[in-house]
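With the working numbering applied, the sequence shown covers 1 to 79.
Glycine residues also receive a C-beta, built at the ideal position from the N, C-alpha and C atoms.
Nothing here was measured: the structure is a model prediction, and the numbers come from that model.
As structure tokens, the structure follows; a few thoughts come after it.
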Amino acid sequence: MKAAWGEWLQHRRELRAPLTATAARQQIAMLAKIGEGRALRAIEHSIGNNWRGIFEPATHNHRPARSQASVDKRFAGAF
């Protein structure tokens with residue numbers, strides 16, 4: 001976890017948006033609350049998306065997205 005936190009801080013420096021001490025404390029508290037596994041995934045996900053905040057990957061329990069072909073058919077007469 002320590003390595004991931006170091007990568008997060010480096011990422012923020014590279015964005016030229018270093019964390020304030022207050023933000024760091026709050027982020028550490030949030031990461032501790034969600035547990036190490038989720039925290040690691042959230043840090044990796046956020047760095048990978050070049051984000052300034054730490055966000056967990058979305059987990060959707062929705063039906064699969066429609067194919068582009070079905071969307072095209074549905075709206076074919078709209079334009």
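On a CA-only basis, which of the options is nearest residue i? Give me that one, please.
{"i": "Ala4", "options": "Thr59, Ser46, Ala58", "result": "Ser46"}
{"i": "Trp8", "options": "Met30, Thr20, Glu44", "result": "Glu44"}
{"i": "Gln10", "options": "Lys33, Gly48, Gly37, Ala29", "result": "Gly48"}
{"i": "Asn50", "options": "Leu15, Lys2, Gly6, Met1", "result": "Leu15"}
Mind checking whether residue i and residue j have CB atoms under 7 angstroms apart?
{"i": "Arg52", "j": "Ala24", "result": "no"}
{"i": "Ala39", "j": "Leu31", "result": "yes"}
{"i": "Arg13", "j": "Leu19", "result": "no"}
{"i": "Gln26", "j": "Ile54", "result": "no"}
{"i": "Glu56", "j": "Met1", "result": "no"}
Is residue i buried or exposed, if buried means 16 or more other CB atoms sit within 10 Å of its CB?
{"i": "Ala42", "result": "buried"}
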